[in-house]
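Quick note on UniProt numbering: the sequence shown kicks off at 1 and runs consecutively.
Data first, discussion second: the structure below is written as structure tokens.
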Amino acid sequence: MLPVSLRLAGKNVLVVGAGRVAERRIETLLNEDAAVRVVAPEAGSRVQELVSSGQVELSRRGFEEADLDGAWLVFAHTSSPELNSAIAEICRQRRIWCLIGGDAHASDLWMMAHRQVDADLTVAVSAHGNPRRAKRVVEQLVTEARKGVQ
Ligand SMILES: C[C@@]1(CC(=O)O)c2cc3[nH]c(cc4nc(cc5[nH]c(cc(n2)[C@H]1CCC(=O)O)[C@@](C)(CC(=O)O)[C@@H]5CCC(=O)O)C(CC(=O)O)=C4CCC(=O)O)c(CCC(=O)O)c3CC(=O)O
Ligand SMILES: NC(=O)C1=CN([C@@H]2O[C@H](COP(=O)(O)OP(=O)(O)OC[C@H]3O[C@@H](n4cnc5c(N)ncnc54)[C@H](O)[C@@H]3O)[C@@H](O)[C@H]2O)C=CC1
């Protein structure tokens, strides 16, 4: 797994599913100014707020393959593991990067725990499938960085 930083501003990112996990990732994507499209029959209140304020576009229905058109990156985060895997397989065929929610080790990418310390410093940590460990280590590194390591 190669850590990279993606410049997402203005790029079309598709999130399939709008539950708890999708919601957290949508916020992360919006922080990077990605153009976020969401497809889900049911959306939680936070996603609905983001739709009302025009920050994301929601198609309130089940996934269709044409939803992938134009996407650089896809988050397959529905409640159906079979559908998430099927979306990832189509993405592989189409050479679109896809994160499978709920099956990290079958996924071609995953999210690293990260915090922006200041305008010029971001700390990111991968703990290879252990998000709680990654989060703890990031917090420790942020504390060190704030003490003045340049
Ligand atoms: C492997 C990885 C793949 C991926 O990217 O999906 C993955 C996998 C899984 N996470 C699970 C649960 C939770 N994950 C979080 C939170 C975060 N998870 C994130 C990353 C990753 N999570 C990738 C690891 C990257 C690496 O190690 O390099 C962060 C960094 C980024 C983000 O999610 O935005 C963010 C840190 C928060 C921060 O930075 O503040 C919380 C909430 C919390 O702890 O606050 C919960 C519990 C509550 C809930 O259910 O929501 C489960 C279900 C099983 C289980 O409970 O263990 C799986 C298993 C699976 O999916 O296979
Ligand atoms: N990586 C991570 O951090 C974690 C991943 N997961 C996994 O992420 C996935 C989602 O989990 P939650 O957000 O908790 O689920 P949830 O039940 O809160 O939300 C599921 C969403 O999927 C949508 N959905 C259902 N069928 C769909 C279809 N055909 N097309 C489009 N959308 C559809 C629903 O409308 C809903 O918005 C699960 O596979 C779960 O195992 C769960 C916990 C943490």
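All C-beta atoms in this analysis are idealised placements derived from N, C-alpha and C, irrespective of residue type, glycine included.
Review point. For residue 83, which residues of its own chain have a beta-carbon under 7 Å away from its beta-carbon, when the five flanking residues on both sides are left out?
Key: Residue numbering aside, residue 83 sits at position 83 when the sequence shown is read from its first letter. Taking C-beta separations shorter than 7 Å and ignoring five residues to either side along the sequence, the partners of residue 83 in its chain run 63, following chain order.
**Study point:** Bridge-paired residues (DSSP) for residue 75
**Key:** Taking the first residue of the sequence shown as 1, we reach residue 75 at position 75. The secondary-structure analysis by DSSP pairs residue 75 across a beta bridge with 15 and 99.
Check your understanding: Does the beta carbon of residue 113 fall short of 7 Å from some heavy atom of ligand 1?
Key -> Taking the sequence shown and counting its residues from 1, the one referred to as residue 113 is at position 113. Distance from the C-beta of residue 113 to the nearest heavy atom of ligand 1 is below 7 Å.
Point to revise | DSSP beta-bridge partners of residue 124 | key: Mapped onto the sequence shown, residue 124 falls at position 124. When beta bridges are read from the DSSP output, residue 124 appears opposite 114.
Check your understanding: Taking DSSP as the reference, what is the three-state secondary structure of residue 64?
Key -> On the sequence shown, residue 64 is found 64 positions in, with the first residue counted as 1. Here residue 64 sits in coil by DSSP.
Check your understanding: Does ligand 2 have even one heavy atom less than 7 Å from the beta-carbon of residue 78?
Key -> Your numbering for residue 78 matches position 78 in the sequence shown. Because some heavy atom of ligand 2 lies under 7 Å away, the Cβ of residue 78 counts as near it: yes.
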